[in-house]
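Sequences listed follow chains E and C, in order. Using the working numbering, read the first sequence as starting at 9 and increasing by one per residue. Using the working numbering, read the second sequence as starting at 8 and increasing by one per residue. Below you'll find the structure, written out as structure tokens, and then a few comments.
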Amino acid sequence: MSREQFQTLSEPMYYILLALTKECCGVDIMKKVSDISGGRVSVGPGTLYALLPKFENAGLIRQTTHDGRKKAYIITSAGKEMLITEYNRLITMTKDGEKILEGIK
Amino acid sequence: MSRTVKRYLSFNCTECGAVKEYLEKMALNGYILKSIKPHFPADIFIFEKDAPQEITYAVEVSDNPSNNLSSLSDTALEFIEYCEAGGWTHICNLGNVFFFKTDNKNITPISTNEDIKYQIIKKQSLKFILLSLLIFFVTLICSIKNIGSSFGNAISSSYLVLTLGIYAFAVIFLLIELFRFCFWNCRAKKALKKNKKISYPSLKSFRKSQILNFLFLLISLIVVIYTVVLMIECRDFTGLSIITAVIPTVFTIANMVKRTRMKKLTAVFIYAFLMIIVMLVLVYIQLFAIYPHLENKESVSVNNPSSGVPPVITVYHDEIPLSVADILPDTSEYINNTKNISKSPFASGTSYYSSDKINGSHISYYIFESEYKWVIDRYITEDINLGNFEKQDCDYINGDVYIGTTDVRHIYREYSEDSSSEYTEKSHIEKETMVHIITNDKVITLRGDFNYTDSEFKTISKKLNLN
């Protein structure tokens, strides 16, 4: 999956990248995502397992340790850039929503 | 009473949801999945009897988790670790398909992203369906080309009708599978576009496909048994030993590969090799083992001159409807009559040959009979036309009977021994008359040393009950 395919991140993708702003072991990401989102977002292990190599191939994350089957990952500068772009997009969306929806309320 | 129950199931990747549902229903009936034994052509699901329980199963396809076809490489273990960290308990796996269970009803499903799940299932299913279709198409085309080149021969042989039927059934079955897959794929794409959940084949349609699989295996087994019986009858012990040695060996190796831990590329190479062996055996059985025997199986040598006993003509005349002596008056006592019968529910074809061993005169005729008009029409179009025969050129006799004659040329080869004991071939062409007699349910093709005079026609009509 090329980086172009991650132009807009889905909710689980966004939270996985958020979780990887600090080095984290692959299997621990699910718990971290749940903690960050206050239990609102949960990523299935199958989805996480399929997404990590795709992020890695797109250069958004990189492996830090590879001890047997235990792999730890961290976000790359390209990943951070994409996360910030997505964050800004969400902020813009929120602000645009505010302008309209506050009037309705 | 045994506490273990075995079920034979075969499924494709799109049916994982139906398998999950099936396992959950079995658990509600008190049958808990313990393990799965990889087996060809259907895998063996082993259940243990226990108290009825509400268990949530997950049957997940993982995209290329391993370099091995069979279980538990590092990447497969890594996938299992992720799922166990998510609260699932691993039961077993079949290649890329993993089986998990949990008692927690509120657990996060293993696959939460529909798009990723769809991509994995599409890739795995398409590979399997296209490979199966390719194999069956190649086999079907080979069979039709080699066996079905003569419509008359194929339609009048039960064995050939049955085997061609099996191939056609297999191809139709796989085409339906392909059509179902394409239909599912289109619906899945639409659902993804609309951000809806993709629907997968239900337990009901999975059960239907299990019945179809079972029927297909049963019919194939009948063909194998029929083939073996034919070979025993024909005393074809070479063919018999090939079948009895090759087929179990192929099955054993296929099962070994399925169970043994080996590199995916090696396993694929072995499977491809086994497929080629099976296809070669099928072609051998049909072209060299069964087909020639079908022609000779019911061959009745009414008289064998090599026995040295002069035959009494009148006795043998009754054995075939029309003998060379009926048409040609100056025949000797050494008449050899043979007939070959081939029958199927659609048609029968009987070929007769009658020759005078002393003066060399002979007649041969083939009677193709069918009560189905389309069979007769197709036979006339496909087989008779090959002999440059056109129905519109026929003489029209007695309302129903068409007669047409065609000059055919035969190359006879004689071998003579010269002074240096080497054989030289002398060819000469002899002109022979071929007569086609067509009625509503019969096509008779006669050829031989006769001129087809009125008196000869009367004899032929009388002997072959054409009036």
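From the three backbone atoms N, C-alpha and C, an ideal C-beta is built for every residue, glycine too.
- Under the 8 angstroms criterion on CB atoms, R48(E) is classed as non-interfacial with respect to chain C.
- In this structure, the beta-carbon distance from N111(C) to G94(C) falls below 8 angstroms.
- For the pair of segments examined, the stretch 74–83 of chain E was found not to touch the stretch 102–113 of chain E: the number of CB pairs separated by less than 8 angstroms stays below three.
- Contiguous beta strand (DSSP E) elements confined to the stretch 9–79 of chain C occur at 11–16, 38–44, 50–56 and 63–68, taking only those with 3 or more residues.
- Interface flag for L56(E) against chain C is set, since a Cβ pair is found closer than 8 angstroms.
- Secondary structure of D363(C) (DSSP, three-state): strand.
- Using beta-carbon distances, L59(E) counts as an interface residue toward chain C, with a partner under 8 angstroms.
- Restricting attention to alpha helix (DSSP H) runs no shorter than 4 residues, the stretch 49–105 of chain E encloses them at 53–65, ordered along the chain.
- Secondary structure within the stretch 152–204 of chain C: the alpha helix (DSSP H) runs of 4 or more consecutive residues, fully enclosed, are 158–162 and 165–200 (chain order).
- Nearest CB-CB separation between M90(E) and chain C: not below the 8 angstroms threshold.
- For V35(E), the closest Cβ of chain C is nearer than 8 angstroms.
- Counting along the chain, no beta strand (DSSP E) covers V35(E), and no H or E run does either.
- With respect to chain C, the C-beta atom of R77(E) has a partner C-beta closer than 8 angstroms.
- Between I205(C) and the set K197(C), K211(C) and S212(C), the nearest pair of CA atoms involves K197(C).
- A distance below 6 angstroms between beta-carbons, with the five flanking residues on each side excluded, links F213(C) to the following residues of its chain, in chain order: E22 and A25.
- Chain order gives the chain C residues near V51(E) as T119, where near means a beta carbon separation below 7 angstroms.
- If you check each beta-carbon in the stretch 101–117 of chain C against every beta-carbon of chain E, the ones closer than 7 angstroms belong to T115, P116 and I117.
- Look at the beta carbons and you see the stretch 371–384 of chain C touching the stretch 450–463 of chain C: at least three pairs across the two are nearer than 8 angstroms.
- Nearest C-alpha to P20(E) among S50(E), I108(E) and Q71(E): S50(E).
- The distance from the Cβ of S361(C) to that of I348(C) is about 15 angstroms, inconsistent with a contact at the 8 angstroms cut-off.
- Taking 8 angstroms as the upper bound for CB-CB distance, V230(C) and T170(C) are in contact here, some 6 angstroms apart.
- Nearest in C-alpha terms to K88(E), of all of H74(E), R70(E) and D75(E), is R70(E).
- For K470(C), the enclosing alpha helix (DSSP H) begins and ends at D461 to K470.
- Assigned with DSSP and collapsed to three states, Y207(C) falls in coil, not helix or strand.
- For M101(E), the nearest beta carbon of chain C is not closer than 8 angstroms to its own beta carbon.
- Under the DSSP assignment, E376(C) falls in the beta strand (DSSP E) whose first and last residues are H369 to E376.
- Here the stretch 58–66 of chain E makes contact with the stretch 20–38 of chain E; the two share three or more CB pairs at distances below 8 angstroms.
- Per DSSP, I348(C) lies in no alpha helix (DSSP H) segment; the continuous beta strand (DSSP E) that holds it begins and ends at I342 to K350.
- With a threshold of 8 angstroms between beta carbons, L84(C) makes contact with chain E.
- If you look at K380(C), you'll find it isn't in any beta strand (DSSP E); it sits in the alpha helix (DSSP H) that goes K380 to E389.
- Chain-ordered, the chain E residues with CB closer than 7 angstroms to the CB of G93(C) read M38, G52 and P53.
- For the pair of segments examined, the stretch 39–51 of chain C was found to touch the stretch 12–21 of chain C: the number of CB pairs separated by less than 8 angstroms reaches three.
- Pairing I334(C) with L471(C), the inter-Cα distance amounts to about 12 angstroms.
- Taking every protein chain shown into account, the CB of S368(C) has 16 or more other CB atoms within 10 angstroms, so this residue is buried.
- Per DSSP, G246(C) has no beta bridge partner at all.
- At least one CB atom of chain E sits nearer than 8 angstroms to the CB of D81(C).
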